[in-house]
Amino acid sequence: AIDSTPAASGRVSVLVETPQHSGLGGPLDYLSERALAPGSLVRVPLGKREVLGLVWDAPEGDDTPTAAALKPVLDHFEGLAPLDDGWRRLVAFAASYYQRGQGELALAVLPPALRDDTPAQLARRLKRLAPKPPKPARKSARKPAQVEAPAAAPPPPVLPDLSPDQQRAVDDLCAQLHHANPKPRLLFGVTGSGKTEVYLRAAEAALAAGRQVLVLVPEINLTPQLEARFTARFAHLLPAQHAIVSLHSALTPAQRMASWLAAHTGQARLVLGTRLAVFASMPELGLIVVDEEHDPSYKQQDGARYSARDLAVWRAHGLRIPIVLGSATPSLESWQQAETGRYVRLNLPGRVGGSLLPRVRLFDMKALPPQAGVTTALTAPLLAALQERLARGEQSLVFLNRRGYAPVLHCGECQWKSDCPHCSAWRVFHKRDRTLRCHHCGFTERVPRHCPSCGNADIAPLGRGTEKLEEQLQEALPTARILRIDADSTRLKGELEAQLQTVHDGDVDILVGTQMVTKGHDFRRIRFVAAVNPDGALFSSDFRAPERLFALLMQAAGRAGRDAAGGSEAEMWVQTWHRDNAVYQALARHDYEAFARSQLDERKTAHLPPFSHLALLRAEARTEQAARDFLKAAAQAAEAISGADDRFVYPPVPHPIARVANVERMQMLVEASQRARLQAFLREWLPELLLLKRQHKGVLRWAVDVDPLAI
Ligand code: ADP
Ligand code: ZN
Ligand code: ZN
Numbered sequence: 005a006i007d008s009t010p011a012a013s014g015r016v017s018v019l020v021e022t023p024q025h026s027g028l029g030g031p032l033d034y035l036s037e038r039a040l041a042p043g044s045l046v047r048v049p050l051g052k053r054e055v056l057g058l059v060w061d062a063p064e065g066d067d068t069p070t071a072a073a074l075k076p077v078l079d080h081f082e083g084l085a086p087l088d089d090g091w092r093r094l095v096a097f098a099a100s101y102y103q104r105g106q107g108e109l110a111l112a113v114l115p116p117a118l119r120d121d122t123p124a125q126l127a128r129r130l131k132r133l134a135p136k137p138p139k140p141a142r143k144s145a146r147k148p149a150q151v152e153a154p155a156a157a158p159p160p161p162v163l164p165d166l167s168p169d170q171q172r173a174v175d176d177l178c179a180q181l182h183h184a185n186p187k188p189r190l191l192f193g194v195t196g197s198g199k200t201e202v203y204l205r206a207a208e209a210a211l212a213a214g215r216q217v218l219v220l221v222p223e224i225n226l227t228p229q230l231e232a233r234f235t236a237r238f239a240h241l242l243p244a245q246h247a248i249v250s251l252h253s254a255l256t257p258a259q260r261m262a263s264w265l266a267a268h269t270g271q272a273r274l275v276l277g278t279r280l281a282v283f284a285s286m287p288e289l290g291l292i293v294v295d296e297e298h299d300p301s302y303k304q305q306d307g308a309r310y311s312a313r314d315l316a317v318w319r320a321h322g323l324r325i326p327i328v329l330g331s332a333t334p335s336l337e338s339w340q341q342a343e344t345g346r347y348v349r350l351n352l353p354g355r356v357g358g359s360l361l362p363r364v365r366l367f368d369m370k371a372l373p374p375q376a377g378v379t380t381a382l383t384a385p386l387l388a389a390l391q392e393r394l395a396r397g398e399q400s401l402v403f404l405n406r407r408g409y410a411p412v413l414h415c416g417e418c419q420w421k422s423d424c425p426h427c428s429a430w431r432v433f434h435k436r437d438r439t440l441r442c443h444h445c446g447f448t449e450r451v452p453r454h455c456p457s458c459g460n461a462d463i464a465p466l467g468r469g470t471e472k473l474e475e476q477l478q479e480a481l482p483t484a485r486i487l488r489i490d491a492d493s494t495r496l497k498g499e500l501e502a503q504l505q506t507v508h509d510g511d512v513d514i515l516v517g518t519q520m521v522t523k524g525h526d527f528r529r530i531r532f533v534a535a536v537n538p539d540g541a542l543f544s545s546d547f548r549a550p551e552r553l554f555a556l557l558m559q560a561a562g563r564a565g566r567d568a569a570g571g572s573e574a575e576m577w578v579q580t581w582h583r584d585n586a587v588y589q590a591l592a593r594h595d596y597e598a599f600a601r602s603q604l605d606e607r608k609t610a611h612l613p614p615f616s617h618l619a620l621l622r623a624e625a626r627t628e629q630a631a632r633d634f635l636k637a638a639a640q641a642a643e644a645i646s647g648a649d650d651r652f653v654y655p656p657v658p659h660p661i662a663r664v665a666n667v668e669r670m671q672m673l674v675e676a677s678q679r680a681r682l683q684a685f686l687r688e689w690l691p692e693l694l695l696l697k698r699q700h701k702g703v704l705r706w707a708v709d710v711d712p713l714a715i
């Protein structure tokens, strides 16, 4: 019910930030002297504090305390238009679907700076945003109008001729802009097939029709490159300041606020952002793009564990606007949606300009002389291949998904290993600053000179990370210019951009990196990519591990040979002890479709998503027993809830990393055949869990993860 005029008493419902779960009951009531439309931002008293609140739609026929007992709204943000109906529906849906409080979710997805702003401060921020440029009214959508460009507008860029496949995709998307109820589009195109060009054209059409465009990308570090590409393309259409903005967590609070306000006021016509941008307020939103839609980064991993991709689909559906999900390796969920006709698939089967996908070579580690393969990731044939590329002046990428020097230090005398005293994990040896660092709790110590257990001076690293790989490569290829890019090399602001630039400039012969460098980057010079030790992912207990490994390796392969004029054949080199594994076999044929089919068959047989729906209840406690007891009680409570025959509650198991920072983590999976049934169950189960938590004092935290990605 939309209650935009307050009752005679002046009662308004207001969402405020409440601690986890306590806000499940919804908004609180306050008293307002003036009429406040739903979506208005206000400041209200909460306990002893004064907090940001959001006027919400009042619940129907409610019998909350009379006006006399209510506290007053203290202030409201006058110059700011209320958050619109579509935005409020999105927030309400997300809170309900992911089982969180509406207030918690709404306030968490607003820019943090808003929380501390007074209305006067906000007014100043609004003033700092340049005035809105003239733009075509929404009504004139049918005749694509040119934005009236001030004198400073640069000339329009020269556009490439689209390939017939690109043209088909663009025509389809442009037609969808005028469709009454468009279906989501899955843009399935190999790396370098020109997907981004398709987004650009579709975005251009939406902008010309006077609509805002939202482009989601999985990684912050992909935003600068993409932002530059969008700006270069649209500067002539959108010359005004703040017409193209980015929105992600690495912005300063003031920057994020400015972007958010620009989107909300409609001054920003195109918003480029990471998962949190799915909640951007965009009153004239007309098109959503989700690039690399399969990427796990779209799932928030704490608080409200939402999937930005799934919410984007929901948002587009609610607004009846087109959405395009792009990937070379779509998630099996999206692929299945296209198979059943709920999404429409658009194919870009070939690379732009006819450049070929790299040849994939599965290098069989078993074929090496005994022992040779065990001791080094840099096998002699791999070094020879790198040497050859080096001699030709070509760039190579060596990929290893493990940072640091070595995953563990080891004493050969007493078998001591550098475990973390607080976690069930090894501490990683970082040679550069001679530390042992836990990548889970952050516990860091200087490397001991002697074995802490027996005093042996001869403690040695076991295994290898990117730091060691870099060192060994440099020893083996002394003339090569080697650069390592991973989370350690890019800690400081601007480092990543600078490092990527040296790669683009050709000042690097061999790039060593983690998955950070395998995604998205349009490297033009790389012709050889090697995955030196990808097998680990084959033995994960997570049923999505093969899907993720396949996507990762396809992405990595996609960095090679992007430039058709590059000369020699591009190659992807995969070192494996399991070359017959289906993941590698499909990779060698670049056959995503066959891979998807076989994985989906397995999932169907095993009743796994997308053929079933999952929720994961996580519990954290000081002892494993306390966490387990809570989960067992939760399972018992589940039995009493109707629909048990359609539901399966698995036994509690430890989290794959069971202990982090001295906290034991257990989890329990619930599976249901239908999404709606799972949702109905969770709505009944959650209040029970709240009660149980009170009885289980040993439990520090619990959370429900709906559609969990990592199991
Ligand atoms: P993807 O997003 O599928 O990896 P891109 O859109 O980034 O592919 O395209 C790869 C490269 O090809 C980019 O440098 C892009 O500018 C260029 N490109 C895309 N479409 C065309 C086209 N029709 N003609 C010429 N070059 C194109
Ligand atoms: Zn020892
Ligand atoms: Zn630790």
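Quick note, the sequence shown lines up with residues 5 to 715 if you use full-length UniProt numbering. Ideal placement from N, C-alpha and C gives every residue a C-beta, glycine not left out.
State buried or exposed for residue i, treating a residue as buried only when at least 16 other CB atoms are found within 10 Å of its CB.
i    : result
P482 : exposed
K472 : buried
A244 : buried
V18  : buried
H454 : exposed
T448 : exposed
Considering only the beta carbon of each residue, do residue i and residue j sit closer than 8 Å?
i    : j    : result
I486 : I514 : yes
V249 : A267 : yes
L181 : V219 : no
Q579 : L556 : no
W706 : R622 : yes
G330 : K199 : yes
S44  : V20  : no
E675 : T627 : no
P362 : E597 : no
V221 : D306 : no
E108 : T22  : yes
R396 : S572 : yes
I325 : V317 : no
E297 : P613 : no
L352 : A173 : yes
P76  : P42  : no
Q399 : I530 : yes
P188 : H240 : no
For residue i and residue j, what's the separation of their Cα atoms in angstroms?
i    : j    : result
L713 : H80  : 40 Å
R468 : V536 : 10 Å
A281 : V710 : 20 Å
A149 : M558 : For A149, the predicted model reports a pLDDT of 42, less than 50, meaning its position is unreliable; a value from the coordinates is still stated below. Distance between the alpha carbons of A149 and M558: 40 Å.
I6   : L130 : Below a pLDDT of 50, predicted positions are generally treated as unreliable, and I6, at 44, falls in that range; no measurement from the model is reported.
A312 : I715 : 19 Å
L387 : A480 : 8 Å
F367 : H582 : 10 Å
G517 : E54  : 47 Å
H443 : A534 : 25 Å
L496 : R119 : 27 Å
Helix, strand or coil, according to DSSP, for residue i in the structure here?
i    : result
Q579 : strand
L166 : coil
Q102 : Rather than Gln, the amino acid found at residue 102 in this sequence is Tyr. Three-state result, Y102: coil.
M520 : helix
P660 : strand
S301 : helix
G27  : In this prediction, G27 has a pLDDT of 48, which is less than 50 and means its spatial position is unreliable; what the coordinates show is noted afterwards. Correct three-state label for G27: helix.
G498 : coil
Kindly examine ligand 1 and report whether one of its heavy atoms sits closer than 7 Å to the Cβ of residue i.
i    : result
V328 : no
S331 : no
D526 : yes
V356 : yes
D299 : no
Compute the minimum distance between the beta carbon of residue i and the heavy atoms of ligand 2, and state whether it is under 7 Å.
i    : result
L420 : The sequence shown places Trp at residue 420, not Leu. Because some heavy atom of ligand 2 lies under 7 Å away, the Cβ of W420 counts as near it: yes.
S335 : no
Could you tell me if the beta carbon of residue i falls within a distance shorter than 7 Å of some heavy atom in ligand 3?
i    : result
C178 : no
A232 : no
Taking 7 Å as the cut-off, does the CB of residue i come closer than this to any heavy atom belonging to ligand 4?
i    : result
H426 : The model depicted lacks ligand 4 and carries ligand 1, ligand 2 and ligand 3 instead.
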